[in-house]
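Scroll down for the structure; my scribbles are underneath it.
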Amino acid sequence: MRFFVVGDVSVDLIYFLERIPEPGEEVPAQRALMKPGGAGGTLAAHLASLGNKVYLASRVGDDPFRSVALSQLEKVKVDLKYLQTDTEQTTSSILILLTPGGERSMISAGGASRYLDAAEFKPRMLDSIDAVVFSAYAFVGGPQRQYAINVLDAARKRELPIFADLGTGAVRAAGKELLDILRGVPYLLMNQVELLALTGATSISYGVNALKTWGLETVVVKVGAMGSIVITPTRQELIEPYPLEEVVDTTGSGDAFTATFAHAILQGKDPFTAARLGNLAGSLAATAIGGQGRLITEEDLLQAR
Numbered sequence: 001m002r003f004f005v006v007g008d009v010s011v012d013l014i015y016f017l018e019r020i021p022e023p024g025e026e027v028p029a030q031r032a033l034m035k036p037g038g039a040g041g042t043l044a045a046h047l048a049s050l051g052n053k054v055y056l057a058s059r060v061g062d063d064p065f066r067s068v069a070l071s072q073l074e075k076v077k078v079d080l081k082y083l084q085t086d087t088e089q090t091t092s093s094i095l096i097l098l099t100p101g102g103e104r105s106m107i108s109a110g111g112a113s114r115y116l117d118a119a120e121f122k123p124r125m126l127d128s129i130d131a132v133v134f135s136a137y138a139f140v141g142g143p144q145r146q147y148a149i150n151v152l153d154a155a156r157k158r159e160l161p162i163f164a165d166l167g168t169g170a171v172r173a174a175g176k177e178l179l180d181i182l183r184g185v186p187y188l189l190m191n192q193v194e195l196l197a198l199t200g201a202t203s204i205s206y207g208v209n210a211l212k213t214w215g216l217e218t219v220v221v222k223v224g225a226m227g228s229i230v231i232t233p234t235r236q237e238l239i240e241p242y243p244l245e246e247v248v249d250t251t252g253s254g255d256a257f258t259a260t261f262a263h264a265i266l267q268g269k270d271p272f273t274a275a276r277l278g279n280l281a282g283s284l285a286a287t288a289i290g291g292q293g294r295l296i297t298e299e300d301l302l303q304a305r
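Residues in the sequence shown are numbered from 1 upward in steps of one, following UniProt numbering.
In structure tokens form, the structure reads like this:
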């Protein structure tokens, strides 16, 4: 299958801490690493690792971070012909503070990704594409927003399958405006934090009930250790997780889920089966450091059959 992915490419600066420091406090890091990341890059890397042809629309700086950000994408042969280079902005970066148990706090610097030039997108770029996958960060602001909207319009006109993963930062920045932009998208994915923020609900069940009134098509809510909830116009189901004995790093687990879900849908799976495979992928991704540290393969998915 051939996917067109729109989203950020970044470098993850990961610091392993016993705890997050208080304001004004300095704490020593047990370890520090630099890894490729970004939701767009991670989605593309997983899709390519699953055996798909993947085109990535993103933008990086002309700086030392560039080679790190693209390292895994090049290994799995993501097609980078639509990658743009910015001579003024730096490659996007994210500072990740990782504490025991795999939980994390993040600080992001949008950098070059936010300056994706909409003038370089041509609708014919989707002529041979089977599906489009968005990181919703692409819709938040900057020139990248118009690029993403243009791709979305072109994909709708072609009646392509469209997958949009919201992202906590995107929801906090754009709120319900994201739903206005993405209304009618066939597959909308979010996590439980994003669900509660969008709906103003105080529990997952209330949030899910609120979603049902918004006229969305297939919605998937990733609920961490509880698995995922798939909501269609006729059915709702909690899909059980694939628990792990040890979580190393949850960075990118949601992207692994989304990529695997989209891959499974394009293979003809129903949304409930696709979510079960996504749960497995999210768990496997958490067994390595970095969003692209443990990429999912088709062989991995045999575990869920």
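Even glycine gets a Cβ: it sits at the ideal position worked out from N, Cα and C. Computed from a prediction, not measured in an experiment: that's the story for all the values here.
In this structure threonine 91 does not touch glycine 252 by the C-beta definition: roughly 17 angstroms separates them, more than the 8 angstroms allowed.
Taking all protein chains shown into account, lysine 35 has 16 or more neighbouring C-beta atoms within 10 Å of its C-beta and is therefore buried. Counting the other Cβ atoms within 10 Å of the Cβ of alanine 119 gives fewer than 16, which makes it exposed.
For lysine 176, the three-state secondary structure derived from DSSP is coil. Rounded to whole angstroms, valine 185 and lysine 269 show a C-alpha spacing of 18 angstroms. Ranked by Cα distance from proline 233, the options Pro241, Leu302, Lys53, Val220 are led by Val220.
For glycine 278, the enclosing alpha helix (DSSP H) has its first and last residue at 271-285. Here isoleucine 20 is exposed. Its C-beta has fewer than 16 other C-beta atoms within 10 Å. For leucine 97, DSSP records a beta bridge to Tyr15, Ser105.
Counted as a single uninterrupted DSSP element, the beta strand (DSSP E) harbouring glycine 37 occupies residues 31-37. When beta bridges are read from the DSSP output, glycine 61 appears opposite Asp86. Alanine 281 is not a Cβ neighbour of leucine 244, given a cutoff of 8 angstroms.
Within the same chain, Cβ atoms closer than 8 angstroms to the Cβ of alanine 29 are found at Tyr15, Phe16, Leu17, the five residues on either side in sequence being excluded. Contact annotation, leucine 216 with methionine 190: C-beta distance approximately 11 angstroms; criterion of less than 8 angstroms not satisfied. In this chain, the alpha helix (DSSP H) harbouring threonine 258 covers 253-266.
Between glutamate 240 and glycine 227, the alpha-carbon positions lie close to 5 angstroms from each other. Listed in chain order, the non-local C-beta contacts of proline 143 below 8 angstroms within the same chain comprise Arg114, Tyr115, Leu116, Asp117, Ala118, local neighbours out to five positions each way being set aside. One thing to note: glycine 40 has its Cβ no nearer than 8 angstroms to the Cβ of serine 67. Shown here, aspartate 153 sits in a helix according to DSSP, grouped into three states.
The alpha-carbon separation between glutamate 237 and leucine 182 amounts to approximately 23 angstroms. Here glutamate 194 is buried. Its C-beta has 16 or more other C-beta atoms within 10 Å. In the structure shown, alanine 48 adopts helical secondary structure according to DSSP, grouped into three states. Residue nearest to alanine 274 within the set Gly291, Glu246, Thr218, Gly224 is Thr218 (criterion: CA-CA distance). Within the model, the alpha-carbon separation for valine 78 versus glycine 24 is close to 42 angstroms. Between the C-alpha atoms of alanine 48 and valine 54 there is a straight-line separation of about 6 angstroms.
Straight-line measurement puts the Cα of glycine 51 at about 9 angstroms from the Cα of valine 76. Counting along the chain, the unbroken beta strand (DSSP E) around tyrosine 187 starts and ends at 187-191.
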